[in-house]
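Read top to bottom, the protein sequences are chains A and B. Counted the way the numbering used here counts, the first sequence spans residues 1 to 293. Counted the way the numbering used here counts, the second sequence spans residues 1001 to 1263. Below is one structure; the comments refer to it alone.
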Amino acid sequence: MNTLITILSPDFLLRDALIGSVLVGFICPLVGVYFVLRRMIFLGVALPQLSAAGIAFSFLVYRVLVGPHQHFEMSERVLALLGSFCFTLVGLLVLAAFARHRETVEARIGITYAVAAAATILFAALDPYGEAHMIDLLKGDILTATGGNLTLLTVVFGGVALVLFGFRKELLLVSFDRDLAVVFGMRAGLWDTLLYFLIGVTISLGVMTAGPIVTFGFLVVPPLTARLITHHMLTFSLVAAGLGAAAAFAGFYCAYRFDMPLGPAEVAVASLVLVTVAAAGAVRQAVNRWRAT
Amino acid sequence: MLTSFNTTSTLSPMPCALGSKEESVNRMLLALQQVSLGYEGRSVLERISFTVERGEFLALLGPNGAGKTTLLRGMLGLIPVQAGQIEYGFDRLTSPPGYVPQRDTLDPIFPLSVLEVVLMGTYARLAPLRRVGRRQHQIAATCLEQVGLAHVAEQPFWILSGGQKQRVLIARALAAEPEVLLLDEPTAGIDPGAAAAIMDLIARLNRDQGLTVVLVSHHLRLVRSLVRSVIWIEEGRVAKGSTETMLSPERVADVFGMLTGTE
């Protein structure tokens, strides 16, 4: 209880990290519902890894062209964001362009993940100044979040949430029944591009803030949990976001209370919720079947 | 086998006497002129021509793989026209056609209630950023009543039977307030009783509301007593005529033999 009071107090030392965690936990599932509904879950693994490769690449290019970069400065974050966003968006658009060839889609995503993971390590190894920082990044360096980072995160994620909410009927129709969307005169390709852009922005900022493990975890796990307990689109999105934020908070509490790494603790809590909800659902179905017989 | 194929057939679907040319144009809802349709450069249908008139109840029939769905998708604008042109007697942007896809093409992973599915039909007339309001809910409720499913509005779409899902998709198409309803195999994979009920519903919409209906089907016996005109599709060509002409008992026997290989 004391830990909880400490965490919730306004002058808590890691307050910005806590708010950042909850923001990532809230927004990633909002985007992640489209990963689940469009059956693109494996993309959720590959894209954060691609984003990390983009960050490593941008550091390397900066090192070669300009010189050593300063850790934890705003210019470094802008550099990382640029690299992360470019790699994510280009990867997403290339994978989406070949999406019609469904028979090889898993192979393409698997190759993307493998190449991105290898490239991340190689880029970091080639940049002696970047390597140590990259390791922090891969673990999730949200504990270093500052007021400036938090403002950027709030503004960008707020924008993503607003666009997702404002265009939810178009994004739903294009995702659920693309043919009907086209019959209605909607430019399905443009709506896809908007969705990919939002995904790219969210993953880039998510990876920079919390690392690829946390980003992937929150893109996929809360929506999968919410899918088990909701039957309406709006509640599906809101429950997924709510579960993500709650799991992020609970994960932060556990990490602080038991001195665990933050990112893995958050993902573990989200996964525990998924397993619990799935098990409860299975038990309920078994009981219903037993009653029926 | 049918032998009277006409690559550019424009047979009148019904023995109706049209007045002036202007009246003929007004009655025209859809006109295909020397249209070729296909996928990735390969033509499935070549240089076909026919018209669909307002209030018509038309079935697209033919063997599997003949191009029935391709023709329907071409009429909907879902695949590009390779040659020729399709003229529409209505504004497709302000009044898009009502489309009922094969329900198997929809993914059950989407958590949608029946009402949410029907509301999608109203998106046709809602600009981006405009939210679904009371009027759209009223339209959806009315359409659900029309198909006899008002009582399941709040239920999850995916727990419904095949026949009920199909009727919900018809309600969704009606929610777009269309001038023409285009249905792709509306009775496929549905038990005979439910299939007959769906066909009765579609016939009622055509008869009572004057809604033009174009449907793809392989249930010759089911559609024969209801539709008023038929387009027979085979080997890349089409022939259009009244149901009596196109599906005479001799031809049905011929067609069934061809479809089942028991000629």
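From the three backbone atoms N, C-alpha and C, an ideal C-beta is built for every residue, glycine too.
By the criterion of at least three beta-carbon pairs nearer than 8 Å, the stretch 1029-1048 of chain B is not in contact with the stretch 1185-1202 of chain B. Approximately 12 Å separates the beta-carbon atoms of residue 46(A) and residue 120(A); this is outside 8 Å, ruling out the contact. Around residue 1226(B), the same chain offers 1199, 1203 as residues with beta carbons nearer than 6 Å, after the five sequence neighbours per side are excluded. When only Cα atoms are considered, residue 272(A) and residue 1231(B) end up about 58 Å apart.
In terms of beta-carbon proximity, residue 1032(B) stays away from the interface with chain A, with every pair separated by 8 Å or more. Using a Cβ distance threshold of 8 Å, residue 1110(B) and residue 176(A) count as a contacting pair.
In this structure, residue 216(A) lies near residue 44(A), with their beta-carbon atoms less than 8 Å apart. Secondary structure at residue 1145(B): helix, using DSSP grouped into helix, strand and coil.
Nearest to residue 1125(B) by C-alpha distance, out of 114(A), 30(A), 184(A), 260(A), is 184(A). Here DSSP, grouped into helix, strand and coil, assigns residue 179(A) to helix. Counting only runs of 3+ residues, the beta strand (DSSP E) found wholly inside the stretch 1196-1249 of chain B occupies 1212-1216, 1229-1234, 1237-1242, in chain order. Here DSSP, grouped into helix, strand and coil, assigns residue 1051(B) to strand. Just measuring C-alpha positions, the residue of 93(A), 15(A), 11(A), 22(A) sitting nearest residue 267(A) is 22(A). Among the residues of chain A, those whose CB is under 8 Å from the CB of residue 1113(B) are 231, 232, following chain order.
Taking 8 Å as the CB threshold, residue 227(A) lines the interface with chain B. In this structure, the alpha-carbon of residue 1103(B) lies about 7 Å from that of residue 1165(B).
Spatial neighbours of residue 106(A) in its own chain (CB-CB distance under 7 Å, excluding positions within 5 residues in sequence) are listed in chain order as 42. Listed along chain A, the residues sitting closer than 7 Å to residue 1097(B) by beta-carbon distance are 183. Shown here, residue 1085(B) sits in a strand according to DSSP, grouped into three states. For residue 1088(B), no Cβ of chain A is located within less than 8 Å of the residue's own Cβ.
In the pairwise beta carbon analysis, the stretch 1126-1142 of chain B is classified as not touching the stretch 1062-1080 of chain B: fewer than three pairs are separated by under 8 Å. Straight across, the Cα-Cα distance linking residue 79(A) with residue 59(A) is about 7 Å. Only residues of its own chain outside the window of five on either side were considered, and among them 28, 32, 35, 44 have a CB closer than 6 Å to the CB of residue 219(A), listed in chain order. Taking one beta carbon from each stretch, the stretch 1205-1213 of chain B and the stretch 1053-1070 of chain B have 3 or more pairs nearer than 8 Å; the two touch. Collapsing the DSSP output to three states places residue 1102(B) in coil. Around the C-beta of residue 1151(B), fewer than 16 other C-beta atoms lie within 10 Å, and the residue is accordingly described as exposed. Taking the CA atoms as reference points, residue 1083(B) sits about 10 Å from residue 1038(B). A distance of 8 Å or more separates the beta carbons of residue 245(A) and residue 12(A). Residues of chain B whose Cβ lies closer than 7 Å to the Cβ of residue 200(A) do not exist; the shortest such Cβ separation is about 21 Å.
Residue-level contact by beta carbon holds for residue 1132(B) and chain A, with a gap shorter than 8 Å.
In summary, the residues of the stretch 1178-1210 of chain B whose CB is separated from some CB of chain A by less than 9 Å are 1182, in the order they occur in the chain. Assigned with DSSP and collapsed to three states, residue 1156(B) falls in strand. Residue pairing from DSSP places residue 1033(B) in a beta bridge opposite 1085(B).
In the DSSP annotation of this structure, residue 1150(B) is not part of any alpha helix (DSSP H), being labelled neither H nor E. Within the stretch 1100-1137 of chain B, complete alpha helix (DSSP H) segments of at least 4 residues are found at 1114-1119, given in chain order. Using a CB distance cut-off of 8 Å, residue 1075(B) does not count as an interface residue toward chain A.
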